[in-house]
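Worksheet: one structure, shown below.
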Amino acid sequence: MKGDEGMQVYKNSTELIDQIKESYHKFIDEYEGINDDVADERIDQVDKTPREMLSYQVGWINMILSWEKAEAGGAKITTPTPGYKWDQMRQLYHDFNIKYGSDGIENEKAELGSVVAELITWIDDMSHDELFKPGERKWATTKAMWPVAKWIRINAVSPFNNYSRQVRKWKNFNLRDKKIVNS
Numbered sequence: 049m050k051g052d053e054g055m056q057v058y059k060n061s062t063e064l065i066d067q068i069k070e071s072y073h074k075f076i077d078e079y080e081g082i083n084d085d086v087a088d089e090r091i092d093q094v095d096k097t098p099r100e101m102l103s104y105q106v107g108w109i110n111m112i113l114s115w116e117k118a119e120a121g122g123a124k125i126t127t128p129t130p131g132y133k134w135d136q137m138r139q140l141y142h143d144f145n146i147k148y149g150s151d152g153i154e155n156e157k158a159e160l161g162s163v164v165a166e167l168i169t170w171i172d173d174m175s176h177d178e179l180f181k182p183g184e185r186k187w188a189t190t191k192a193m194w195p196v197a198k199w200i201r202i203n204a205v206s207p208f209n210n211y212s213r214q215v216r217k218w219k220n221f222n223l224r225d226k227k228i229v230n231s
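Residues 49 to 231 in the numbering used here are what the sequence shown lists, from first letter to last.
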């Protein structure tokens with residue numbers, strides 16, 4: 049169901065969880081055939097490499113979960129994360145790639161599966177108001193007054209959908225060219 053602004057609106061946590069699972073599986077399935085030998089290859093048609101897209105997802109989901117853990121522990125939350133301001137996203141994404149992408153693509157895929165499972169468990173444990181009502185979490189209370197569900201949608205579901213198309217495009221251009229050269 050779409051809201052007034054074209055943004056997905058969920059009736060309950062089950063709908064959100066189902067959307068996360070569906071978009072995650074579409075994304076991760078695109079990594080079939082991509083290994084460490086090619087995961088960092090850049091092409092003009094796609095602005096990120098497959099490893100960068102994977103690192104972005106691991107980084108953002110970990111960041112959201114860290115905000116929640118910090119708030120639950122009574123800690124002061126710095127968004128997006130300590131040492132970074134919102135206008136420093138390019139550097140943060142580069143650091144995600146170093147932090148999460150340096151142990152190999154298979155380990156990074158496993159890490160993403162783990163944080164997605166943690167995200168789903170967290171969502172499943174939240175009340176309807178905590179998930180869908182603005183102002184229920186300090187870390188989610190900004191001028192825009194987004195509910196937690198919108199933060200999850202924008203930083204997990206939407207990028208999974210977008211990046212699954214980008215990885216497919218990368219594979220079509222990059223791996224196709226390698227097959228032609230190797231033929």
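Backbone N, C-alpha and C define an ideal beta-carbon position, used for all residues, glycine too.
Practice task
Compute the beta-carbon to beta-carbon distance between Lys217 and Gln93, rounded to the nearest angstrom, for a pair I have assumed lies under 8 angstroms.
Solution key: As a position in the sequence shown, residue 217 is number 169, starting the count at 1. As a position in the sequence shown, residue 93 is number 45, starting the count at 1. The pair is a contact, with the Cβ atoms about 6 angstroms apart (cut-off 8 angstroms).
Problem - Through-space distance from Val215 to Glu80, alpha-carbon basis - result: What you label residue 80 is simply residue 32 of the sequence shown in a count that begins at 1. What you label residue 215 is simply residue 167 of the sequence shown in a count that begins at 1. If I take the Cα positions, the gap works out to 10 angstroms.
Exercise for the section: Return helix, strand or coil for Asp52, following the three-state DSSP convention. Expected result: In the sequence shown, residue 52 corresponds to position 4, counting from 1. Confidence at Asp52 is low in this model, with a pLDDT of 40, below 50, so the placement of that residue is unreliable and no value is reported for it.
Handout entry: Straight-line gap, Pro182 to Ile112 (C-alpha atoms, nearest Å)
Key = Here the question's residue 182 lines up with position 134 in the sequence shown. Here the question's residue 112 lines up with position 64 in the sequence shown. If you take the alpha carbons of Pro182 and Ile112, they lie about 16 angstroms apart.
Problem - alpha helix (DSSP H) segments (min. 4 residues) lying fully within the region 65–135 - result: 98–120
Practice task
Consult DSSP for Val196 and reduce its assignment to one of helix, strand or coil.
Solution key: Sequence index remark: in the sequence shown, residue 196 carries index 148 (1-based). Val196: helix per DSSP, three-state reduction.
Problem - First and last residue of the uninterrupted alpha helix (DSSP H) at Ser162 - result: The residue given as residue 162 occupies position 114 in the sequence shown. Here the alpha helix (DSSP H) through Ser162 covers Ile153 to Asp173.
Problem - Option in Glu166, Asn145 and His176 with minimal Cα separation from Glu100 - result: Stepping through the sequence shown from its first residue, residue 100 is reached at position 52. Closest by alpha carbon: Asn145.
Exercise for the section: With Ile146 as the anchor, note down where its alpha helix (DSSP H) starts and where it stops. Expected result: The sequence position of residue 146 within the sequence shown is 98, counting from 1. Taken as a continuous stretch (DSSP letters only), the alpha helix (DSSP H) holding Ile146 covers Met137 to Gly149.
Practice task
Spatial neighbours of Ala197 within its chain, please: CB distance less than 7 angstroms, with the 5 preceding and 5 following residues excluded, ordered by chain position.
Solution key: Within the sequence shown, numbered from 1, the residue matching residue 197 stands at position 149. If we look at Ala197 and ignore the five residues flanking it on each side, its Cβ neighbours are Tyr58, Leu64, Leu179 and Phe180.
Problem - Ala188, buried or exposed, once every other Cβ within 10 Å from all chains shown has been counted against 16 - result: Here residue 188 corresponds to residue number 140 of the sequence shown, with the count starting at 1. Its Cβ being crowded by 16 or more others within 10 Å, Ala188 is buried.
Practice task
Given a cut-off of 7 angstroms, decide if Asn210 and Glu89 are closer than it, judged by their beta-carbon atoms.
Solution key: If you number the sequence shown from 1, residue 89 lands on position 41. If you number the sequence shown from 1, residue 210 lands on position 162. Contact: no.
Problem - Rounded Cβ spacing between Tyr72 and Val164 (contact assumed at less than 8 angstroms) - result: Stepping through the sequence shown from its first residue, residue 72 is reached at position 24. Stepping through the sequence shown from its first residue, residue 164 is reached at position 116. Their Cβ separation, rounded to whole angstroms, is 5 angstroms, which keeps Tyr72 and Val164 in contact under 8 angstroms.
Practice task
Check whether the Cβ of Ile112 lies closer than 6 angstroms to any heavy atom of the ligand ATP, and answer yes or no.
Solution key: The model on display carries no ligand, and the ligand ATP is accordingly not part of it.
Problem - Nearest-angstrom Cα separation, counted from Trp108 out to Ala123 - result: Against the sequence shown, residue 123 aligns to sequence position 75. Against the sequence shown, residue 108 aligns to sequence position 60. Separation of Ala123 and Trp108 (C-alpha to C-alpha, rounded to the nearest whole angstrom) is 19 angstroms.
Exercise for the section: Have a look at Met193 and Tyr132 and give me their C-alpha separation to the nearest angstrom. Expected result: Counted from its first residue, the sequence shown places residue 193 at position 145. Counted from its first residue, the sequence shown places residue 132 at position 84. Looking at the two C-alpha atoms, the distance is approximately 21 angstroms.
Handout entry: Span separating the alpha-carbon of Tyr148 from that of Glu159
Key = Stepping through the sequence shown from its first residue, residue 148 is reached at position 100. Stepping through the sequence shown from its first residue, residue 159 is reached at position 111. Distance between the alpha carbons of Tyr148 and Glu159: 8 angstroms.
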